[in-house]
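Residue numbers (our numbering): 38 to 192.
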């Protein structure tokens, strides 16, 4: 955890002092003209509050990045594949009333750890509700994918 303090000593110079864990200090400076090229400051008073739409309340919001973290072998992949199976077919999610129905939805499943043919599809085949037409991935055969890749938005 870092505490960021900003002190303006001259109108055209900003000096930032970051006090990091264990009391280490890091001092950087930048002229105002350089800062305006790389940093846009927004005040929360300029931001309109909005409601969060949930895919699975209160665990997975719609339209936001969700990261599942855990030790190796703890079931992260199986959890996500199970959810992908339910979402692909419009089935109720865990802890939802069985009368709840959803529109079958396309799921983009990206992985860098497992093969699609030898791991992902065989695991999804264990879930009878899986709609395989609604489970897709972005091919990385020609170009590797990263978190800022425009292909994610296009998909």
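The beta-carbon is built from N, C-alpha and C at its ideal position, and this holds for glycine as well.
With a threshold of 8 Å on Cβ separation, who are the neighbours of residue i within its own chain once the five nearest residues in sequence on each side are excluded?
i, result
"residue 142", "124, 125, 127, 171"
"residue 177", "none"
For the beta strand (DSSP E) that contains residue i, what are its first and last residues?
i, result
"residue 92", "91 to 93"
Starting from residue i, trace the alpha helix (DSSP H) both ways and give me its first and last residue.
i, result
"residue 190", "187 to 191"
Does DSSP put residue i in a helix, a strand or coil?
i, result
"residue 184", "coil"
Are residue i and residue j close, meaning C-beta to C-beta below 8 Å?
i, j, result
"residue 118", "residue 147", "no"
"residue 145", "residue 151", "no"
"residue 102", "residue 91", "no"
"residue 122", "residue 166", "yes"
"residue 116", "residue 104", "no"
"residue 175", "residue 182", "yes"
Go through its chain and collect everything with a Cβ distance to residue i's Cβ below 7 Å, but skip five positions before and after it.
i, result
"residue 80", "none"
"residue 107", "113"
"residue 210", "There is simply no residue 210 to check, as the chain begins at 38 and stops at 192 in what is shown."
Cutting at 6 Å between CB atoms, please list the residues of its own chain near residue i, excluding the five before and the five after it.
i, result
"residue 137", "129"
"residue 93", "130"
"residue 189", "none"
Is there a Cβ from chain D that is less than 8 Å from the Cβ of residue i?
i, result
"residue 190", "Considering every chain present, this structure includes no chain D. It has just one protein chain."
* Asked: Along the chain, which unbroken stretches of the alpha helix (DSSP H) at least 4 residues long are found entirely within the stretch 104 to 177?
  -> 113 to 126, 158 to 161
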